[in-house]
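Undergrad: Position 147 of the sequence shown, counted from 1, bears residue number 147 in this note's numbering, the numbering being contiguous throughout.
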Amino acid sequence: MAEDVFKKLVAHCKEYGYVFQSSEIYDGLGAVYDYGQNGVGLKNNIKKYWWDSMVMLHENVVGIDSAIFMHPTTWKASGHVDAFNDPLIDNKDSKKRYRADVLIEDQLAKIEAKIDKEVKKAQKRFGDSFDEEQFKTTNPRVLKNQEKWNALHKRFSDALNDNNLEELKQIIIDEEIACPVSGTKNWTDVRQFNLMFATEMGSTAEGAQKIYLRPETAQGIFVNYMNVQKTGRMKLPFGIAQIGKAFRNEIVARQFIFRMREFEQMEMQFFVKPGTELDWFEKWKATRMSWHQALGFGEENYRFHEHEKLAHYANAAVDVEYKFPFGFKEVEGIHSRTDFDLSQHQEFSGKKIQYYDPEEGKSYVPYVVETSIGVDRMFLQVMAASYCEEEIEDANGKKDTRVVLTLPPVLAPIKLAVLPLVKKDGLPEKAREIIDDLKFDFNCQYDEKDSIGKRYRRMDAIGTPFCVTIDHQTMEDNTVTIRYRDTMKQDRIEISKLHGIMAEAVSMKSVFAKLK
Ligand code: GAP
């Protein structure tokens, strides 16, 4: 069922100009996507919501835009050359490659699904008197599966923590995990695979240098720490924010734009005095959760997920997860990265990267709390949360299904559609006049093709929050019919009121007012 919804969402993204497969005419390129005429609008609005909330609302956060190519030593210092790996395993029969950790995670999810099924069945049977907690702690089938889950989870976490590749393979064998394509359990050993894309810079005559496409934007911030701190006369604590492309040669690229090989990140590194990082970590956790929830998709659809395996440089890490049609999954990571990155760059570059603290009267390497969210992942989250199929009745009582994207108005790519009822009697000219008046503040679209009903549906499917219809009465008294996407309610209003109604509904300020 949820899978069906997801398939429909993917098809919808293409049909309405949101997301296309990259180089589709050549049959596409794996896990690379392009954004269409509406997708780019939504993407830009997501980026603006993030950027303004970071840089405008925080006096002590500034932005930069660093290059994708960086000196190759950057990636040696950051640890990416040696350790930015995924454990991969091949099935010898299908020749398909998988991430060993993902195969085991899927196995854990299967056990979770069995428990959920039992709970749902009992819920149906017992109705209102059902006590979920009691059921889960007493039902023998649930208990058996929970025990199985705990044991597998522990074994898996230990193997990851010890970087024990043989144990990962043994788990796959013991759990009898089969290749989804060949159905066989004929596996190779587990090997580490580096996710960075490499290319060469300079002509061969000069001696080309191997460089990497950045796998995260964060390192562009770290290497610019001193530049920004000095030129901006920044005092701790302060943050540097950046939005930009990142590239990872993902082994298992799946679920549409959830995991891509070329994607965009919105990252902020917050530099703090050592010893205060865990307080800042908690503050940024709360700030970021509030940013997500202010969009109004329902608090119950978000949760924090603590990392089982902390990277060696982190002393705390959490994911913000959203309930996608395929389950709760990570949208954003919040990490307390200690002084690892700055210290590494200090060592590898031989340049002093420190902060002189006038209160302490000494210099030190600042600690860092990072917030890191994928633009594309956020895009998918917004689309998944907004895609609705509604049963409705038309004016004659006939049942119908309406597909509507209930995008938050602030993020919708088109804010207003202006629709002349007929293509004559000066109505199109009047419509253009209204657009000319509003187009500097709002993205408007003119549409005169098809019946008014069909035009409304088209705008619902794109997620346009407002439509106004120009009719003969408009020519007499300067009023229009405004139609609201979510309620389908219609009002007659004066044209002069339109700007005010729109401004209130689509302004960033109204969402910022909800931030805690
Ligand atoms: N600088 C820290 C960092 O890059 P990460 O957890 O690897 O951390 C942060 O990535 C965020 O970037 C993720 O929460 C996700 O939203 C996004 N992201 C990571 N890999 C991605 C991919 N292959 N495709 C799309 N988004 C991705």
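Note that CB positions come from ideal geometry on N, CA and C, so glycine has one too.
Among the residues of its own chain, which have a CB less than 6 Å from the CB of H58, if the five just before and after it don't count?
TA: Excluding positions up to five away in sequence, the list is empty.
Undergrad: Going along the chain, which unbroken runs of the alpha helix (DSSP H) with 4 or more residues stay wholly within the stretch 425-475?
TA: The qualifying runs are 427-438 and 452-462.
Undergrad: Looking at E306 and V318, is the spacing between their C-beta atoms short of 8 Å?
TA: Yes, they are a contact pair.
Undergrad: Taking 7 Å as the line, does the beta carbon of G374 fall inside it for any heavy atom of ligand 1?
TA: Yes, the beta carbon of G374 sits closer than 7 Å to at least one heavy atom of ligand 1.
Undergrad: Nearest to F281 by CA position, among L498, V369 and M502, is which residue?
TA: The shortest C-alpha separation from F281 is found at V369.
Undergrad: On the three-state DSSP scale, how would you describe L421?
TA: In the structure shown, L421 sits in coil (DSSP, three-state: anything other than H, G, I, E or B).
Undergrad: Within a Cβ cutoff of 6 Å, which residues of the same chain sit near S496, ignoring the five residues on either side of it in sequence?
TA: Nothing listed; no residue qualifies.
Undergrad: Do F263 and ligand 1 come close, with the Cβ less than 7 Å from some heavy atom?
TA: Yes; taking the cut-off as 7 Å, the Cβ of F263 has a heavy atom of ligand 1 nearer than that.
Undergrad: Classify Y35: buried if its beta carbon has 16 or more other beta carbons within 10 angstroms, exposed otherwise.
TA: Buried, because 16 or more other Cβ atoms sit within 10 Å of the Cβ of Y35.
Undergrad: CA-CA distance, Y212 and A67?
TA: When rounded, the distance between both Cα atoms is 12 Å.
Undergrad: I'd like to know whether the C-beta atoms of K534 and V468 end up nearer to each other than 8 Å.
TA: Residue coverage of the chain in this structure runs from 1 to 516, which leaves residue 534 outside it and unanswerable.
Undergrad: Between which two residues does the alpha helix (DSSP H) harbouring Q381 extend?
TA: That run of the alpha helix (DSSP H) goes V375 to S386.
Undergrad: Quick check on the DSSP output: the alpha helix (DSSP H) that includes L42 runs from which residue to which?
TA: Unbroken alpha helix (DSSP H) run through L42: G39 to W51.
Undergrad: In its own chain, which residues sit with a C-beta less than 7 Å from the C-beta of R97, not counting the 5 before and 5 after it?
TA: Closer than 7 Å at Cβ, skipping near neighbours: L88, D90 and I251.
Undergrad: Please state if the CB of L9 and the CB of M383 are separated by a distance shorter than 8 Å.
TA: In contact: M383 and L9 (Cβ atoms closer than 8 Å).
Undergrad: Out of G453, P420, H472 and K430, point me to the one whose CA is closest to D447's CA.
TA: When only C-alpha atoms are compared, the closest one is P420.
Undergrad: Would you kindly report the start and end of the unbroken beta strand (DSSP E) that includes L405?
TA: Element bounds for L405: K399 to L405.
Undergrad: Which of the three DSSP states is assigned to S203 in this structure?
TA: It is coil, neither helix nor strand.
Undergrad: Assuming R125 is part of the alpha helix (DSSP H), what are its boundary residues?
TA: Counting along the chain, the alpha helix (DSSP H) containing R125 begins and ends at A100 to F126.
Undergrad: Below 7 Å CB to CB, which residues in the same chain sit around L405 once its five sequence neighbours on both sides are set aside?
TA: So the list reads S386, Y387, A461, I462 and G463, once near-sequence residues are dropped.
Undergrad: Identify every residue that forms a DSSP beta bridge with A246.
TA: A246 pairs with F263.
Undergrad: Roughly how many whole angstroms lie between the Cα atoms of I221 and N60?
TA: Rounded to whole angstroms, I221 to N60 spans 15 Å at the Cα level.
Undergrad: Which residues in the same chain have their Cβ closer than 8 Å to the Cβ of Y356, if we skip the five residues on either side of it in sequence?
TA: So the list reads K362 and S363, once near-sequence residues are dropped.
Undergrad: Hey, how far is the Cα of C13 from the Cα of I257?
TA: Going by the C-alpha atoms only, they are around 11 Å apart.
Undergrad: Compute every distance between the C-beta of A218 and the non-hydrogen atoms of ligand 1, then say whether any falls below 7 Å.
TA: Yes - ligand 1 has a heavy atom lying nearer than 7 Å to the Cβ of A218.
Undergrad: Going by the DSSP bridge assignment, what does H335 pair with across the sheet?
TA: DSSP output for H335 lists A317 and E370 as bridge partner(s).
Undergrad: Are A294 and V511 close, meaning C-beta to C-beta below 8 Å?
TA: Contact flag set, yes.
Undergrad: Go through its chain and collect everything with a Cβ distance to F193's Cβ below 7 Å, but skip five positions before and after it.
TA: Within the same chain, F193 has close Cβ partners N85, D86, L88 and I251.
Undergrad: Just to check my reading of the structure: F297 and T73 have Cβ atoms closer than 8 Å, yes? What is that Cβ distance to the nearest angstrom?
TA: Not a contact, Cβ separation roughly 42 Å.
Undergrad: So, using beta-carbon positions, are E264 and G244 closer together than 8 Å?
TA: Cβ distance < 8 Å, so E264 and G244 count as in contact.
Undergrad: When the Cα atoms are used, what is the spatial distance from N38 to P413?
TA: Between N38 and P413, the C-alpha separation is close to 6 Å.
Undergrad: Please determine, among A11, I470 and D441, the residue with the shortest C-alpha to C-alpha distance to K423.
TA: Nearest C-alpha to K423: I470.
Undergrad: Mark S372 as exposed unless 16 or more other C-beta atoms lie within 10 angstroms of its C-beta, in which case mark it buried.
TA: Counting Cβ neighbours within 10 Å, S372 comes out buried, since at least 16 surround it.
Undergrad: Are the CB atoms of S290 and A314 nearer to each other than 8 Å?
TA: It is not a contact, given that the beta carbons lie outside the stated cut-off.
Undergrad: Using the Cα positions of R155 and I171, report the straight-line distance between them to the nearest angstrom.
TA: Distance between the alpha carbons of R155 and I171: 8 Å.
Undergrad: Just curious, the beta strand (DSSP E) that N85 is in, first and last residue?
TA: Unbroken beta strand (DSSP E) run through N85: N85 to D90.
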